[in-house]
Amino acid sequence: MKLQGMRTYDHDEIVDVVVIGTGAGGAPLLARLAQRGLRVVALEAGPNLDPEDFTNDEVEAPRINWMSERLSGGETPTAFGPNNSGFGVGGGTLHWGAFTPRPDIRDMRLHTGSDADAGADSGADWPIEHADLTRYIVKVERTIGVSGPTPYPWDAERTYLEPPVDRNAPADLMALGCSRLGIRATDAPAAILNHDREQPHHGPRRGSQNLGSIHQGERFGTKATTANTYLPAAVAAGAEIRPDSMVHGIERDALGRVTAVVYRRGGEEFRQRCAALVLAGGGIETPRLLLNTGLANSSGMVGRNFLAHGAVQVWGRFDEQIRGYRGYPSALISEDFVRPADASFVGGYLLQSLGVMPLTFATSLVRGAGLWGAELVDALDAWRYSAGIGINGECLPRENNRLVLSDERDEWGVPRAVVTFTQGPNEKAIDDHAAGTMTSILEAAGARETRVLPRTAHTLGTCRMSTDPGEGVVDGDGRSHDIPNLWISDNSTFPSSLSANPGLAQMALALRTADRMLA
Ligand SMILES: Cc1cc2nc3c(=O)[nH]c(=O)nc-3n(C[C@H](O)[C@H](O)[C@H](O)COP(=O)(O)OP(=O)(O)OC[C@H]3O[C@@H](n4cnc5c(N)ncnc54)[C@H](O)[C@@H]3O)c2cc1C
Numbered sequence: 006m007k008l009q010g011m012r013t014y015d016h017d018e019i020v021d022v023v024v025i026g027t028g029a030g031g032a033p034l035l036a037r038l039a040q041r042g043l044r045v046v047a048l049e050a051g052p053n054l055d056p057e058d059f060t061n062d063e064v065e066a067p068r069i070n071w072m073s074e075r076l077s078g079g080e081t082p083t084a085f086g087p088n089n090s091g092f093g094v095g096g097g098t099l100h101w102g103a104f105t106p107r108p109d110i111r112d113m114r115l116h117t118g119s120d121a122d123a124g125a126d127s128g129a130d131w132p133i134e135h136a137d138l139t140r141y142i143v144k145v146e147r148t149i150g151v152s153g154p155t156p157y158p159w160d161a162e163r164t165y166l167e168p169p170v171d172r173n174a175p176a177d178l179m180a181l182g183c184s185r186l187g188i189r190a191t192d193a194p195a196a197i198l199n200h201d202r203e204q205p206h207h208g209p210r211r212g213s214q215n216l217g218s219i220h221q222g223e224r225f226g227t228k229a230t231t232a233n234t235y236l237p238a239a240v241a242a243g244a245e246i247r248p249d250s251m252v253h254g255i256e257r258d259a260l261g262r263v264t265a266v267v268y269r270r271g272g273e274e275f276r277q278r279c280a281a282l283v284l285a286g287g288g289i290e291t292p293r294l295l296l297n298t299g300l301a302n303s304s305g306m307v308g309r310n311f312l313a314h315g316a317v318q319v320w321g322r323f324d325e326q327i328r329g330y331r332g333y334p335s336a337l338i339s340e341d342f343v344r345p346a347d348a349s350f351v352g353g354y355l356l357q358s359l360g361v362m363p364l365t366f367a368t369s370l371v372r373g374a375g376l377w378g379a380e381l382v383d384a385l386d387a388w389r390y391s392a393g394i395g396i397n398g399e400c401l402p403r404e405n406n407r408l409v410l411s412d413e414r415d416e417w418g419v420p421r422a423v424v425t426f427t428q429g430p431n432e433k434a435i436d437d438h439a440a441g442t443m444t445s446i447l448e449a450a451g452a453r454e455t456r457v458l459p460r461t462a463h464t465l466g467t468c469r470m471s472t473d474p475g476e477g478v479v480d481g482d483g484r485s486h487d488i489p490n491l492w493i494s495d496n497s498t499f500p501s502s503l504s505a506n507p508g509l510a511q512m513a514l515a516l517r518t519a520d521r522m523l524a
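In structure tokens form, the structure reads like this:
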């Protein structure tokens, strides 16, 4: 994005707020604070890319992901590396799929709404109201341009300003299978423009190009990122964004309040003074920074309760060519399984149709099905004939699913994160139910054979919000229980994962936290 001519601040100036990270959690908050006249600086570890730098080449694209090594353990270790979390001005929204379901009210009251017999495995409630979050979600949808169907089958109140984007072949096949089985499915809400649009402070964004390569970065502005929406608005309102700036230290005064952050840029070390600090580095980097600095952890909850959405996929092989690499990859949704009638588990999942690029398909086959050699090559032959369906499934918090620091240091001299994650019986039951559902849909649509690929997605929960200071790291507004001028605005604050994908809710939470800071 264009940063030339933006306002700049001296390191010795005590700016009102420093924000660490420019993704879904950092950017909306930065814009809101700047628009209200605050002097704000965003520090972003990754580079600032021009949209023309984005390529649909999967070999080059990983540079928009956090590629610095993270160590992974547990019985169902989270896959890090490409396609994991964001790096660069725009954060995770550079690579996100822009699939934007809204959180379901039942998911935000998971514990209260669960069967008491489920005991410890009954999930967690969010300390904020669904209606409050929804008000902010509507604002985000209008700002970034979310398209979707009106009426929406699972929410009579909801309207979308833009009609949904075109379905691709995997969406058509999922729709066919669902209709044959009596499952409701509809066009997915997506932060993908249907028509050309002039985005304030950014410029023209093009209507849908039917690109299947949006996870690799998208150069036409069809997909909303924070780099083509909130960040230009922030800069226009006087925010400074410093790319290639990795924060590794936080300084405090005698009363324990944050006074400055320390960061590395181009091999040099800098210190930016500030009156308040917002951590928006995401579900891994925020707890890593807090553990490394020893801050905001009187509860001992920093790094605990790591959540990863259930994201099992089923791929069906059809007789005719599907060419699922074309068109918006996740054009169909079903929310019929957010609370399946026959469920033996807490929570549920939503379904999304899947198209896929070749390298991503190959790595999913290696990782999910353990294929290698001739078997892998055979399976890859099916790529053009394959349509997929995936889930976003609830994950319950467990203290021992956690992030700690390793003895090994990264390229910035910070101890690497070690994340231990084991899916519990609830997650396994959701996966099994979902694999059965998706297999039936693909078979009903005419798939000759199907393959289940177990996986998880997203990095949430490691600095969760809580009403009780002993149970979490921040309160429902995002403010640290321990340090009054320290706030968190990223996926680490999620108390439970929700069955909705996290990006839209995160942007809404960011606006809400900004308003609480301004109050
Ligand atoms: C492959 C993929 C597809 C996805 N698709 C969807 C989707 O379709 N729909 C959806 O809702 N969600 C999706 N998500 C999830 C979505 O991208 C995240 O929920 C969202 O981006 C998280 O926002 P965040 O602010 O927590 O972190 P991020 O957006 O990852 O932003 C964190 C930023 O902070 C920076 N940073 C971190 N540490 C430091 C530091 N110490 N100093 C300076 N900067 C730092 C990082 O470089 C990064 O830019 C997807 C995620 C992945 C991996």
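Heads up, the final residue of the sequence shown is numbered 524 in my numbering, and it's a clean run with no missing numbers.
Ideal Cβ positions, reconstructed from N, Cα and C, are used throughout, including at glycine.
Being a predicted model, the structure only gives us computed values, none of them experimental.
When C-beta atoms of the region 314-328 are compared with those of the region 407-418, fewer than three pairs fall below 8 Å, so the two segments do not count as touching. Contact between residue 307 and residue 296 is confirmed by a C-beta separation of about 6 Å, below the 8 Å threshold.
The region 382-400 makes contact with the region 325-333, as at least three CB pairs between them are under 8 Å.
The residues 470, 485, 493, 498, in chain order, have a CB closer than 6 Å to that of residue 479 in the same chain once the five nearest residues on each side in sequence are set aside. In this chain, the beta strand (DSSP E) harbouring residue 456 covers 454-458.
For residue 194, the three-state secondary structure derived from DSSP is coil. Straight-line spacing of the CA atoms in residue 394 and residue 464 works out to 21 Å. Residue state for residue 413 is assigned as strand, using DSSP reduced to three classes. Of the candidates 482, 510, 244, 522, 510 places its Cα closest to the Cα of residue 151. Between residue 60 and residue 221, the beta carbon gap of about 6 Å places them in contact (Cβ cut-off 8 Å). Look at residue 84: its beta carbon is at least 7 Å from all of the heavy atoms in ligand 1. With contacts defined as CB atoms closer than 8 Å, residue 213 and residue 171 qualify as a contacting pair. Residue 159 sits away from residue 399, with the two beta carbons spaced by 8 Å or more.
Judged by beta-carbon spacing, residue 426 lies within the 8 Å limit of residue 406, meaning their Cβ atoms are closer than that value. Ranking 310, 453, 164 by CA distance to the CA of residue 146 puts 164 first. Per DSSP, the unbroken alpha helix (DSSP H) holding residue 290 starts and ends at 287-298. Where residue 275 is concerned, the enclosing beta strand (DSSP E) starts and stops at 273-284.
C-alpha of residue 506 to C-alpha of residue 105: approximately 7 Å in a straight line.
Three or more beta-carbon pairs drawn from the region 424-438 and the region 340-356 are found closer than 8 Å, and the two stretches are therefore classed as touching. In this structure, residue 251 has its beta carbon less than 7 Å from a heavy atom of ligand 1. The continuous stretches of beta strand (DSSP E) do not include residue 6, and DSSP gives it neither H nor E. Of all alpha-carbon atoms in 356, 36, 210, 518, the one lying nearest the alpha-carbon of residue 193 is that of 356.
For a cut-off of 8 Å, the C-beta gap from residue 502 to residue 434 is around 15 Å, too long to register as a contact. Residue 26 sits close to residue 96, with the two beta carbons spaced by under 8 Å. Taking non-hydrogen atoms of ligand 1 into account, the C-beta of residue 495 is found less than 7 Å away from one of them.
If you look at residue 256, you'll find it in the beta strand (DSSP E) that goes 251-257. One Cα belongs to residue 250, the other to residue 446, and the distance between them is close to 47 Å. A Cβ-Cβ contact shorter than 8 Å links residue 234 with residue 148. For residue 175, the uninterrupted alpha helix (DSSP H) run begins and ends at 174-186, by DSSP.
For residue 130, the beta-bridge partners assigned by DSSP are 114. The closest heavy atom of ligand 1 lies less than 7 Å from the beta carbon of residue 511.
Annotation for residue 25 indicates a beta carbon within 7 Å of some heavy atom of ligand 1. Judged by pairs of C-beta atoms under 8 Å, the region 53-68 does not touch the region 257-271, as fewer than three such pairs exist.
The region 363-377 makes no contact with the region 98-117, as fewer than three CB pairs between them are under 8 Å. Assignment of residue 106 by DSSP, reduced to helix, strand and coil, places it in the coil class. According to DSSP, residue pairing for residue 70 in a beta bridge involves 91.
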